[in-house]
């Protein structure tokens with residue numbers, strides 16, 4: 408089946424520093440990738456949608472200058488949290504949508520294992 | 513704006529019981545509905561996906577139903593096991609262009625199956 412990986416699985420950084428999270432589709436090409444944030448005991452909230460080779464589309468209330476997204480290839484998207492603060496501490500999950508072919512389910516997304524970010 | 517609600521928020525049952533998790537959504541213009549499982553500190557595992565034209569899907573001990581007109585879905589788990597303990601998330605994919613075919617998630621039901 409389709410596998411999405413994230414790296415790192417957890418990271419601790421100091422307030423004011425930047426941290427980069429990678430999301431990779433391991434065995435398929437992903438034209439579109441999604442970044443979600445999940446606070447404890449809450450559901451996933453979509454932060455942004457990125458399409459390979461173009462700028463990401465951010466959801467309302469998400470600061471694009473703080474959460475930089477790059478989707479430079481069909482198998483890799485990165486999320487950089489710039490000037491991180493303790494309130495950015497959260498669980499970040501990426502998801503990839505396979506480039507549609509005649510044998511796949513339209514719009515089906517595959518989720519990564521998540522990255523736990525703690526800002527001290 | 514689409515809102516997805518899951519009831520109950522938490523559920524604790526003894527091993528072997530059959531149980532039902534509920535999901536409701538306010539906008540019936542959906543493309544499909546998906547049930548996920550999330551273990552603590554982990555990502556999402558897709559359990560069942562129901563297209564808007566379908567009424568139910570089954571996988572092993574799991575059965576998911578969809579009543580699009582009333583905005584409801586249920587996930588039925590038969591003969592529950594301790595290994596079923598997890599958070600179960602319901603998500604709908606919207607059809608309307610303004611939603612961009614995005615998934616909208618419920619808050620989840622935390623299930624604990626006691627041995």
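Residue numbers (the working numbering), protein chains in the order written: chain A, 408 to 527; chain B, 513 to 627. Ideal placement from N, C-alpha and C gives every residue a C-beta, glycine not left out.
(1) Just the Cα atoms here: how many angstroms apart are residue 477 of chain A and residue 484 of chain A?
(2) Which residues in chain B sit within 8 Å of residue 475 of chain A, going by Cβ to Cβ distance?
(3) Go ahead and label residue 579 of chain B buried or exposed: buried means 16 or more other beta carbons lie within 10 angstroms of its beta carbon, across all protein chains shown.
(4) Below 8 Å on C-beta distance, what does residue 516 of chain A contact in chain B?
(5) Work out the CA separation of residue 414 of chain A and residue 432 of chain A for me, nearest whole Å.
(6) Beta carbons nearer than 7 Å to chain B: which residues of the stretch 419-451 of chain A have them?
(7) Is the CB of residue 469 of chain A under 9 Å away from at least one CB in chain B?
(8) If you check the beta carbons only, do residue 523 of chain B and residue 533 of chain B fall under 9 Å apart?
(9) Report the option in A:515, A:441, A:474 and A:492 whose CA atom is closest to the CA atom of residue 451 of chain A.
(10) Please confirm if the stretch 536-556 of chain B is in contact with the stretch 514-522 of chain B, defined as three or more CB-CB distances below 8 Å between the two stretches.
(11) Please name the residue, chosen from A:525, A:471 and A:480, that lies closest to residue 493 of chain A on a Cα-to-Cα basis.
(12) Could you tell me which chain B residues have their CB closer than 8 Å to the CB of residue 519 of chain A, listed as they occur along the chain?
(13) With distance defined between alpha-carbon atoms, name the residue in A:516, A:421, A:454 and A:467 nearest to residue 486 of chain A.
(14) Answer yes or no: do residue 559 of chain B and residue 547 of chain B have a C-beta to C-beta separation smaller than 9 Å?
Concretely, from the data shown:
(1) Indexing the first chain from 1 puts residue 477 of chain A at position 70. Indexing the first chain from 1 puts residue 484 of chain A at position 77. Taking the straight line from one Cα to the other gives about 6 Å.
(2) Residue mapping note: residue 475 of chain A aligns to position 68 of the first chain, counting from 1. The premise fails here: residue 475 of chain A is roughly 21 Å from chain B at the closest Cβ pair, so nothing lies under 8 Å.
(3) Numbered from its first residue, the second chain carries residue 579 of chain B at position 67. Residue 579 of chain B is exposed by the Cβ-count criterion.
(4) Mapped onto the first chain, residue 516 of chain A falls at position 109. Correct list: 615.
(5) Walking along the first chain from the start, residue 432 of chain A turns up at place 25. Walking along the first chain from the start, residue 414 of chain A turns up at place 7. Looking at the two C-alpha atoms, the distance is approximately 12 Å.
(6) 449, 450 and 451
(7) Residue 469 of chain A sits at position 62 when you count from the first residue of the first chain. With 9 Å as the cut-off, residue 469 of chain A does not count as an interface residue toward chain B.
(8) In the second chain, the residue the question calls residue 523 of chain B occupies position 11. In the second chain, the residue the question calls residue 533 of chain B occupies position 21. Yes, these two residues count as a Cβ contact at 9 Å.
(9) Residue mapping note: residue 451 of chain A aligns to position 44 of the first chain, counting from 1. When each option's Cα is compared against that of residue 451 of chain A, the closest is A:441.
(10) yes
(11) Residue mapping note: residue 493 of chain A aligns to position 86 of the first chain, counting from 1. Nearest C-alpha to residue 493 of chain A: A:525.
(12) In the first chain, the residue the question calls residue 519 of chain A occupies position 112. By Cβ distance, chain B contributes 555.
(13) Sequence index remark: in the first chain, residue 486 of chain A carries index 79 (1-based). Closest option to residue 486 of chain A, Cα to Cα, is A:454.
(14) Start at 1 with the first residue of the second chain, and residue 559 of chain B comes out as number 47. Start at 1 with the first residue of the second chain, and residue 547 of chain B comes out as number 35. It is a contact, given that the beta carbons lie within the stated cut-off.
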